[in-house]
Amino acid sequence: MTDTAPAPRARFAPSPTGYFHVGSARAALYNWLFVRRLGGTFILRIEDTDEARNRPEWTDGIISALDWLGMAPDEGPFFQSAAEGEHAAAIEALWDSGTLYACGCTREEIDERTKQRAAAGDPTPGYDGHCRDLGLPRGEGRALRFRTPDEGVVPVHDLVRGDVEFPQRALEDFICVKGNGKPLFVLANAVDDRTMAITHVIRGEDQLPTTPRQIMLWGALNAAEGRDLALPAYAHLPLLVNDRGKKLSKRRDPVAVEMYREQGYLPAAFRNYLALLGWSPGDEEIVPIDTIIQTFRLEDVQRSPAFFDIKKLSHINGVYIRALPVEEFVAAARPWVDPQPGEWAPGGWRDPDTGAPAVEPPPWPAERFDAGTFAAVAAVAQERVSVLGEVPELVDFLFLEDAPTDADSWQKAIAGDEVAPRILDDALAAYRTCPWDQDSLHEATLAIAEAVGRKLGKAQAPLRVAVMGRTRGLPLFDSLAVLGREETLRRLAAARSRLAPPD
RNA sequence: GGCCCCAUCGUCUAGAGGCCUAGGACACCACCCUCUCAAGGUGGCGACACGGGUUCGAAUCCCGUUGGGGCUGCCA
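As structure tokens, this is what we get:
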């Protein structure tokens, strides 16, 4: 450690208003990454003071999502609602120092005056300082505003953007305290950062315009409280956007981390992808978290917005899945294939609009699932999925009563193929006696193919559909070997009689 | 409207004045491998928004234009 700077304290301060947003997850990750290499502290602060929108289950969601991603906080969760005392004291100090004044203007009055000003040729929007020098006493229904300077600029030193300056004259006298005496976000946030000794504020770029207010508040608090706390360093991260370049929104875009988890993304893969949105480790993108921790620098963070690309996420997830030792893959896939997996199963997430789940539960009853059978095909399934939620469709033929049915596949490989009956018949005959292992089945089927003058790839299609239901899927002979002779013959015969009753 | 931010392949990015004929990854296309499908391999397509400067030299620095985005709540 040659670093002489004190260990940083960074906080992630989400508001529990819904499912955990991927943008929040990225912000949390960057806070966490920043702090890890420097031996600092990652703090979780739940900003739960919006009584109208906050619900306790969303708080649980934040905590378990962070946990799932391997980013459990070093300190916290702290709750903003528990800091009422500090907030009240700060308000008193600010009031006593004269930086705050009471204002009784309604939104309508303010808008009306703004309109009149605009008509008179003054484009300055927002509050006009109407009550600034009225000397109104505090009282129910009167908000408290911050008396902002009229001249000069507020400089924001941003670790990713450099220096940004906000002209004072564009900054209105903003409200710090609601008419009911409760602090507003801008104040509570600053006060909490002070009491928690936060050294770095790392958050989304959408917070940049509010930063000059917090800086002014910080200075006023220092003066009012007679303390000289150092302003935290700020870092505003580029926004995550959709394919139209708009900020990812809960309404239109799939943003719930819970949903991605239930679709079968691996936490390490998800985290790796998130790290790539706004930052790059170089030519190798899929890298261990330790490498990311060691090379991550806020100064290297991109300044332009990043598109959340599910295709790339899926690719990275596939790489992580394939890299798993097969036993770990079996364990990881369990919640998606076993109707009674134990601790955790997908299904908790529901689309807020449609009520649709992230994935369908496995279409077989718990008693038909067999862990050993699944393990027997796990290795070949593992190479064929990019998310765990795709596993059930690959192995369903093992746990369903009969072969799955797929109209297109049936039509293409059996009903629409005049050689299919003969292939089925030949297989029925050959499979009755051949040794039941992958190589023997391969050999026997090769012989059938040659007899009908087709390549193996073409000849196996009707058999695949008869037994496994679809034209695409796990390798046929591995699958038959695991399914067993008896059941294979049964399904072959069933397909044969469905095609045309034997004479 | 006001304030602020941003601008390299379709997407995520490398690039901190000469190493750039602009590199990698996803996606896409072709071929190879192959019992289907994947995976894998090889190759291909494909970008410095525009205009001025500064400089011997600019994707890199400055200015402007254009375009995009964010904020603009007694929400957080």
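Under numbering that gives the first Met the number 0, the residues of the first sequence are numbered 0 to 502, in order.
For each residue, glycine too, the CB sits at the ideal point set by N, CA and C.
| query | result |
| --- | --- |
| Per-residue burial, V200 [other beta carbons within 10 Å of its own, 16 or more giving buried] | buried |
| Other residues of its chain near V176: CB distance less than 8 Å, five sequence neighbours each side excluded | I90, L99, A142, L143, P182, L183, L186 |
| Three-pair Cβ contact test at 8 Å for the stretch 153-168 versus the stretch 285-304 | yes |
| Which of helix, strand or coil DSSP assigns to I45 | strand |
| Nearest-angstrom Cβ-Cβ length linking I197 and R36, presumed shorter than 8 Å | With 8 Å as the limit, I197 and R36 do not qualify as a contact, their Cβ atoms being about 18 Å apart. |
| Local Cβ density within 10 Å of N179, reported as buried at 16 or more and exposed below that | exposed |
| Same chain, Cβ closer than 6 Å to V329, neighbours up to 5 away in sequence not counted | A374, A377 |
| Opposing strand residues paired with V155 [DSSP bridges] | V163 |
| Same chain only: Cβ atoms within 7 Å of L228, ignoring 5 sequence neighbours per side | R193, N221 |
| Assigned secondary structure, D502 (DSSP; H/G/I helix, E/B strand, else coil) | Low local confidence applies: a pLDDT of 49 at D502 is under 50, so the model's placement there is unreliable, with the coordinate-based value given in what follows. It is coil, neither helix nor strand. |
| Whole-Å CB distance - L273 paired with L65, under 8 Å assumed | Their Cβ separation, rounded to whole angstroms, is 12 Å, which puts L273 and L65 out of contact at 8 Å. |
| When P391, E382, I447, V384 are compared against F368, the one with the closest alpha-carbon | P391 |
| Burial state of A119 (16 or more Cβ within 10 Å) | exposed |
| Outcome for S23 when other beta-carbon atoms lying within 10 angstroms are tallied against a minimum of 16 | buried |
| Proximity below 7 Å, CB of Q459 to CB of L440 | no |
| Test item: CB-CB of Y126 and D73 under 7 Å | no |
| Coarse secondary structure for I197, derived from DSSP in three states | coil |
| Residue of I309, W57, A268, G128 minimising C-alpha distance to G69 | A268 |
| Distance, E283 Cα to A92 Cα | 53 Å |
| Exposure label - V464; buried when at least 16 CB within 10 Å | buried |
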